[in-house]
Amino acid sequence: MNDELERLWRRFYALTDRELMRQCLEAIARLMRLRYGGEGMF
Amino acid sequence: MAAKGCFEMTTLDPQFLRAIVLMTDFKPGDARRVKSALLALAVNGLDFTAADLPAEIANGDIHLAGAACGALVSERLIVVVDRRKSPDPKAKGRKLNVYRLAMGRLETARAWFRAQNLTPPSFRTNQINLLPA
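Chains as they are written, first to last, in the numbering used here: chain Z, 1 to 42; chain X, 1 to 133.
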């Protein structure tokens with residue numbers, strides 16, 4: 001999962017389009033939510 | 001008053017600056033990640049607010065994105081260019097600052113990324129990465 005997270009961050013920093021960057025941040029957020037145990041994270 | 005040519009103090013509230021320092025010291029990884037993501041938006045010429053960053057990226061700390069914006073303002077990397085209603089219904093129309101890369105600070109922003117041991121993003125190119133330098 002860390003590899004996937006790192007891949008997504010690399011992708012984020014390679015993007016220049018606002019909408020694509022937003023979508024990538026959302027994907028990172030979903031993965032981090034899974035990683036930190038969903039609802040319990042907050 | 002600072003002498004001409006000397007560093008001018010930021011106009012941010014001292015208590016807010018204290019909160020920024022606390023977050024940077026006690027959550028260095030989260031603070032770095034959030035600041036990097038926001039500065040990447042700025043370096044790409046995009047206007048943004050603290051709400052553009054999902055809370056999960058700050059490990060659920062909803063205050064960290066705002067503090068990160070304050071930190072970047074105090075570093076004079078970004079400036080406030082507008083105010084916009086928060087997209088969060090719970091904020092009840094509260095306005096957020098809209099930020100943009102400060103004029104003439106692109107190279108400083110790149111230096112900021114290098115200082116984090118990250119390859120600095122290029123401006124509007126596809127040659128951006130954040131691999132360790």
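Every residue gets a Cβ at the ideal spot worked out from N, C-alpha and C, and that includes glycine.
Y13 (chain Z): member of the alpha helix (DSSP H) spanning N2 to A14, first to last residue.
Residue range I78 to K85 is occupied by the beta strand (DSSP E) that includes D82 (chain X). When Cβ pairs closer than 8 Å are counted between the two stretches, the region 93-107 of chain X is seen to touch the region 33-51 of chain X, the count reaching three or more. When DSSP reads this structure, F48 (chain X) sits in a beta bridge with X:Y99.
The C-beta of I20 (chain X) has 16 or more other C-beta atoms within 10 Å across all chains shown, which makes the residue buried. Among the residues of the region 47-58 of chain X, those with a Cβ less than 8 Å away from any Cβ of chain Z are D52, L53, P54, A55, E56 and I57, in the order of the chain. Going by DSSP, Q15 (chain X) is part of the alpha helix (DSSP H) stretching over P14 to F26.
Here L118 (chain X) carries a strand assignment [DSSP, helix/strand/coil].
Listed along chain Z, the residues sitting closer than 7 Å to L41 (chain X) by beta-carbon distance are M21. Straight-line measurement puts the Cα of M32 (chain Z) at about 8 Å from the Cα of N59 (chain X). The beta carbons of L53 (chain X) and A67 (chain X) sit no closer together than 8 Å. Cβ neighbours of L72 (chain X) within its own chain (closer than 8 Å, five residues either side excluded): K35, L38, L39, A42, I78 and Y99.
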